[in-house]
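Here's the structure we're looking at; comments come further down.
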Amino acid sequence: MSTDDSGATEAGADGGDGPVETVEHVSGTGVPIRGNDIDTDQIIPARFMKVVTFDGLGQFAFFDQRFDDDDELKDHPMNEERFQEASVMAVNANFGCGSSREHAPQALQRWGIDALVGESFAEIFAGNCLALGIPTVTADSEAIADLQKFVEDHPDAMIDVDVAAETVRYGDREIDVTVDDAQRTALVDGEWDTTALMRSNAGVVDETARALPYVDD
Amino acid sequence: MSERTLYDKVWDRHAVAELPTGQTQLFVGLHLIHEVTSPQAFGMLRERDLEVAYPDRTHATVDHIVPTADQSRPYGDDAAEEMMSELEENVREAGIDFSDPTTGDQGIVHVVGPEQGLTQPGMTVVCGDSHTATHGAFGALAFGIGTSQIRDVLATGSIAMEKQQVRKIEITGELGAGVEAKDVILAVIRKLGTDGGVGYVYEYAGDAIESLGMEGRMSVCNMSIEGGARAGYVNPDETTYEWLRETDAFRGDPERFERLKPYWESIRSDADAEYDDVVTIDGGALEPMVTWGTTPGQGIGISEPIPAPEDLPESERDTARRAQEHMRVEPGEKMDGYEIDVAFLGSCTNARLADLRRAARIVTGREVHSDVRAMVVPGSQRVQATAEEEGLKDVFTEAGFEWRNAGCSMCLGMNEDQLEGDEACASSSNRNFVGRQGSKDGRTVLMNPRMVAAAALKGTVTDVREIEEREVPTA
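Heads up: the sequence lines are chains W and X, in that order.
Just so you know, we're using the numbering used here here: the first sequence kicks off at -14 and counts up by one.
Just so you know, we're using the numbering used here here: the second sequence kicks off at 439 and counts up by one.
Here's what the structure looks like:
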């Protein structure tokens, strides 16, 4: 199994460390994860959340789909040798629904995923991905099915997710994808770490609070 | 875009600034924290040498990992003990109020906030838990958030969000016998889909919603997230105010109540408010709902047949086939008669006093089926204490239910309460995902609390309307 917990990106992150990193595009090989409504309990089962840090979660990503009761490998794309270096996950509809646990994208990122291309994503999941600098871009079901098949047939081929241009390129194909406006701006301009951004408005936060009837002085 | 809805008004009152991303920075009126999703956020805060900006607007409890049997410290589970100790240290350092188990106020975060009066109309409420939507029952804007956002809220007292659309969901008519809030929301999710709410906040309205008590409204709002909506809310009214009047926040301070009431009235959606979408459901036509599959959208009325995957929209067929294989059900069958091994009455959806009282009316003087392991896990220590005073505990334990201490318990199985092997569970909780209740082969059937009680007695999923309700003897 892959236990790459370095969180290193193959490509895409334009250098720099910490809050000002920009993510204009992500390039890497793909891994297809098929199925609608894949919930965060599947992405990281609750029992692996008995931790006080996110370190080491990568090895537990999709654990119950990947291992049987005796910890033997089951048939799953993330167990296949050819997908071990993948950094772009191709998924279907409503991916990441259910629990708000950030442990889910943390586990995927620590396994090696730097971008997700899918039909649709649950909102809290997409927000959690953004906070980690992971783009979640969408396309229609036909385009996704095609991408998943391509990845299956060409596990070594590079998939280029261009966040700024809203395209995904693979093989001789280029498809238009949708990136949420705020997500695109945040990633491309390197403003996805909102703590610093919002701290600069501390005075206005105080004023807003004081103007609310329920906030006591 | 919506206009003059509660969502618009509360959003505007809390808007701090527009961020370069186009998102709005919103002030957070109440930040609830628990042991699972906050430790990493406190860690990030330390790394950046930041302090908690608004400790007074933050409240902590412990719910996911807390044992519901032996709660003596240190906990038997080392990981649980570590998480608890971490939370204790974090809240002590930051000076945050903590409803810990020694206070008598501990419980599931979405039960504790409302019962203490921390949750109020016209507030923004966030918590690192998707069921934060629950607090919308009070006319608050309440959002589940991730850990990096918890860091944001701790550090800045605010959150970056994009404004969403508002869909009004009107439930008309009068709910029939045996039909509850839980059935309403399962029907909503069935109709609109598990991703139907993406991009929306749901405003629940109509006679059937207005006639619900606060507990029922909380059950409806609680599962907004299962419908893909980021939040759900009900406009505050007299029912809301009556609840608030009896909480810690206002019981001894009627002046404060009177001072805030005009604000609560002012944030109600206007009669001519504009919505992005309106959906109407005939509440009078609903019957008790049960799920046959592995998402909360796979629900049917108790007398309806399980659908054939090929009769569903194409995008749902594959999920339905796999769900039916997992649950071992066949199209055309009914869920009525489906054998269960476990009955779980608990969770942030349905473990409040009103839920336990209704279930007790089914259980009184009857016995749990000999093949069923049945448990009641009250939503909070206060619910537990009141239920014990009222004699509900005796009703349940005499029938053969286990009576446990407050916590999330078998809803997600982070403590010792878990399904084993392929056990089937009649559950009042909110999720029937594969593996959700602690065993990846476990089978969860969602239903309302009285239906759970009925299933516990019969040993099979059953129509609670066939069981006569009884007065609960007073303790």
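All C-beta atoms in this analysis are idealised placements derived from N, C-alpha and C, irrespective of residue type, glycine included.
Treat the numbers as computed from the prediction; the structure is a model and nothing was measured.
query	result
Cβ-based neighbour list, D879 (chain X), same chain, cut-off 7 Å, excluding 5 preceding and 5 following	G859, D860
Chain W contacts from the stretch 586 to 610 of chain X (Cβ-Cβ distance under 7 Å)	S586, Q587, R589, D590, A593, T594, G595, S596, A598, E600
S185 (chain W) and G582 (chain X) closer than 7 Å at C-beta	no
Complete runs of the alpha helix (DSSP H) confined to the stretch 66 to 121 of chain W [at least 4 residues]	88 to 96, 108 to 116
Min CB distance A934 (chain X) to chain W below 7 Å	The requested residue 934 (chain X) is not part of the displayed model; chain X covers only 439 to 913.
DSSP three-state assignment for T912 (chain X), whether helix, strand or coil	coil
DSSP-derived helix/strand/coil call for I588 (chain X)	helix
R668 (chain X), enclosing beta strand (DSSP E) - first and last residue	R668 (chain X) -> no beta strand (DSSP E), and no H or E assigned at all.
Contact set between Q27 (chain W) and chain X, taken where Cβ atoms lie within less than 8 Å	F871, V872, G873
According to DSSP, residues forming a beta bridge with C863 (chain X)	X:V780, X:T882
V810 (chain X) (DSSP reduced to helix, strand or coil)	coil
Residues bridged to S596 (chain X) [DSSP beta-bridge criterion]	X:F465
Contacts that L850 (chain X) makes with chain W (C-beta to C-beta distance below 8 Å)	D26, A31, S84
Length of the line joining the Cα atoms of Y642 (chain X) and R51 (chain W)	40 Å
is_contact[M183 (chain W), chain X] using C-beta, thresh 7 Å	yes
Pair within 7 Å by beta-carbon distance, D590 (chain X) and T180 (chain W)	yes
Proximity below 7 Å, CB of L850 (chain X) to CB of A31 (chain W)	yes
The stretch 813 to 821 of chain X touching the stretch 837 to 855 of chain X, judged by at least three CB pairs closer than 8 Å	yes
T912 (chain X) classed as buried or exposed, judged by whether at least 16 other C-beta atoms fall within 10 angstroms	exposed
Beta strand (DSSP E) segment containing M143 (chain W), residue limits	143 to 147
Contact set between K878 (chain X) and chain W, taken where Cβ atoms lie within less than 8 Å	P30, D49
Proximal chain W residues relative to Y671 (chain X), where beta-carbon distance stays under 8 Å	Residues of chain W passing the Cβ test: none, with the nearest at roughly 16 Å.
R486 (chain X) (DSSP reduced to helix, strand or coil)	coil
Under 8 Å from the C-beta of A107 (chain W): neighbouring residues of chain X	D633, V636, G666
Distance between G876 (chain X) and G83 (chain W) (C-alpha atoms, nearest Å)	15 Å
Three or more C-beta pairs below 8 Å linking the stretch 91 to 110 of chain W and the stretch 70 to 82 of chain W	yes
Close-in-space but distant-in-sequence residues of the same chain around M852 (chain X) (CB under 6 Å, 5 per side omitted)	H502, I503
Within-7 Å CB hit, F39 (chain W) to chain X	yes
With 16 other Cβ atoms within 10 Å as the buried cut-off, status of R451 (chain X)	buried
Interface flag, K59 (chain W) vs chain X, CB-CB below 7 Å	no
W702 (chain X) and P674 (chain X) closer than 7 Å at C-beta	yes
C-alpha gap between T475 (chain X) and M599 (chain X), whole angstroms	19 Å
Any C-beta of chain W under 7 Å from that of G460 (chain X)	yes
Below-7 Å beta-carbon distance, Y776 (chain X) vs any chain W residue	no
Euclidean distance between Cα positions of K831 (chain X) and E725 (chain X)	28 Å
Meets three-Cβ-pair contact criterion under 8 Å: the stretch 896 to 904 of chain X and the stretch 787 to 795 of chain X	no
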